[in-house]
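First the structure, in the form of structure tokens, and then the observations on it.
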């Protein structure tokens, strides 16, 4: 392991080979308060873990695009598009075999009527729908790998839990041949179900096994909004939270470390998931309010809806789906060098939601890096370097670097024009004055670059280099390395298992060190400023065999 301990070094001048010092106003514009505001948006519960693909991921992409437009960037795609498409084979709804149809004796509320129980960040799903119409991907989605159809009278069965641990049973009484309406998760009671912890009782797969035993005809699962503990509600009120344009089909469920790998579900039931507003429309009352009542008193609550009937059908299949990166450019200030690009990248996806309804918020992984990307991009736009800047926000990183691999297979600018790439992934935890920088083994000249980039104002005293080989191929810089682009990867600290909340539902806003994120972003800005202004390009590395 090598450490560059800047607290022990004498000051190193930033002016080398004619390279100007980073402009102070731009450098100082990178601010922990603004970084936090960006992270609050990206890691809010309404984003549902930003799985690839999902409505939350799309909302994050829209936020990133808006920020880059506001900073003065141009879209890097064809005709100035900010979204760069690529495709991937994944489980998706089989639209021809999916349905939610009203079969009741009573009329539904008129189109556009106010709906109760909507989640924070949920659009009014029925605003443009016909009176009896429910739209796939907006009002409802199928549950993955559950095929079939059923028609029956609706019955609300609380959370659909038959507990062996608690004095709680939602399934008392006959429910055969009914369409069961249940809430995802478990009661949020202060004492029952381990209080704030989410127990295995919340597991939706387990609920479906029991409901099949009780001979229900089908199941409608009502999504519940979840916000993080420890988040200042005033923060959320002040922040422009995204409105999800559609309901996410959960093609996969998050698998958190230390938990038994999930076996395939073998239940012969049609199952769909709906918004709280859709459930209210079907049942004729505020289902979210019923859930809140159970939360408060810890007692099961059943509703039999006479004359209210529905037909549901669910099906999914492996399909080629369209995914998106966000990419934008800033023109360099030098006529001779503006045809070359320094690249700033970070992934904005995360791992989604598990079968208990626990959200992988991904505050550190990687809302922290994405927010820093946007702050650095805005600072560079205040006074562009000589070379142009290519900013890339990647989807699909958690699924095998899908987004960056697709972009590097067909880069928006000439491959030879890519001078170097800085990747930011998980920069919000660990010692405030330390970070790890991978890439100096492959490009030794980056050791000196890091020394030059560090200014007294960054507050970074130690940069660990020459270690972290186990992480080298696990983030998006590696895709650029494989096409011969010199890359640096900023990470919060080694080893990775120092962060016990990595890839869990505990990766939340309240555990981040926003001062560290600011310091890391300022160092990243200085690195890109130097790469964008130096006369010489760093040498190109040799691609390697992927392990």
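Numbering (my numbering), first residue to last: -15 to 531. Glycine residues also receive a C-beta, built at the ideal position from the N, C-alpha and C atoms.
Asked                                                                                                                                                                  : Found
Let's test the definition: count the other Cβ atoms within 10 Å of the Cβ of residue 9 and tell me whether it reaches 16, buried, or not, exposed.                     : exposed
Count the other CB atoms, across all protein chains shown, that sit within 10 Å of the CB of residue 222; report buried if there are 16 or more and exposed otherwise. : For residue 222, the predicted structure reports a pLDDT of 48, less than 50, and the residue's modelled location is therefore unreliable. A value from the coordinates is still provided. Burial call: exposed.
Suppose you measure from the CA of residue 42 to the CA of residue 118; what does that come to, to the nearest Å?                                                      : 22 Å
Suppose you measure from the CA of residue 120 to the CA of residue 83; what does that come to, to the nearest Å?                                                      : 7 Å
Between which residues of its own chain and residue 301 is the CB-CB distance below 8 Å, once the five residues before and five after are set aside?                   : 75, 76 and 78
From the DSSP secondary-structure annotation, give me the bridge partner or partners of residue 132.                                                                   : 298
Report all residues from its chain with a CB closer than 7 Å to the CB of residue 312; omit the five preceding and five following residues, and keep chain order.      : 52, 57, 58, 59, 60, 66 and 375
Between residue 174 and residue 447, what straight-line distance do the alpha-carbon atoms span, to the nearest angstrom?                                              : 44 Å
By how many angstroms is the C-alpha of residue 266 removed from the C-alpha of residue 139?                                                                           : 11 Å
Could you give the DSSP three-state label for residue 202: helix, strand or coil?                                                                                      : strand
Please tell me whether residue 207 and residue 257 are closer than 8 Å, where the distance is taken between their beta carbons.                                        : yes
If you reduce the DSSP assignment to three classes, tell me which class residue 48 lands in.                                                                           : helix
For residue 260 and residue 124, I'd like the C-alpha separation in whole angstroms.                                                                                   : 10 Å
Within 10 angstroms of the Cβ of residue 32, are there 16 or more other Cβ atoms? Answer buried if so, exposed if not.                                                 : buried
Sorted by chain position, which residues of the same chain lie with C-beta nearer than 6 Å to residue 387's C-beta, five sequence neighbours on each side aside?       : 309, 378, 379 and 380
Indicate whether residue 13 and residue 366 have their beta-carbon atoms separated by less than 8 Å.                                                                   : yes
Please state the DSSP three-state secondary structure of residue 504.                                                                                                  : helix
Suppose you measure from the CA of residue 532 to the CA of residue 464; what does that come to, to the nearest Å?                                                     : Residue 532 lies beyond the residue range present for the chain, which begins at -15 and ends at 531; the question has no answer from this structure.
Please state if the CB of residue 419 and the CB of residue 477 are separated by a distance shorter than 8 Å.                                                          : yes
To the nearest angstrom, how far is the alpha carbon of residue 532 from that of residue 456?                                                                          : Residue 532 is absent from the model: the chain starts at -15 and stops at 531.
Specify the secondary structure class of residue 444 as computed by DSSP and reduced to three states.                                                                  : coil
Exposed or buried, which one is residue 517 when buried takes at least 16 other CB atoms within 10 Å?                                                                  : buried
Using CA atoms only, rank isn't needed, just tell me which of 170, 314 and 85 is closest to residue 182.                                                               : 170
Taking a contact to mean a Cβ-Cβ separation below 8 Å, would you say residue 444 touches residue 501 in this structure?                                                : no
With C-beta atoms as the reference, is residue 370 less than 8 Å away from residue 321?                                                                                : yes
Where does residue -3 land, buried or exposed, given buried means 16+ other C-beta within 10 angstroms?                                                                : Residue placement at residue -3 cannot be trusted, given a pLDDT of 38 that sits under 50; the coordinates are not used to answer.
Where residue 521 and residue 6 are concerned, what is the direct C-alpha to C-alpha distance, given to the nearest angstrom?                                          : 18 Å
Assuming residue 372 and residue 314 form a contact by the criterion Cβ under 8 Å, report the distance between their Cβ atoms to the nearest whole angstrom.           : 6 Å
At what residues does the beta strand (DSSP E) containing residue 267 begin and finish?                                                                                : Looking at the DSSP string, residue 267 is not in any beta strand (DSSP E); the run it does join, the alpha helix (DSSP H), is 260 to 267.
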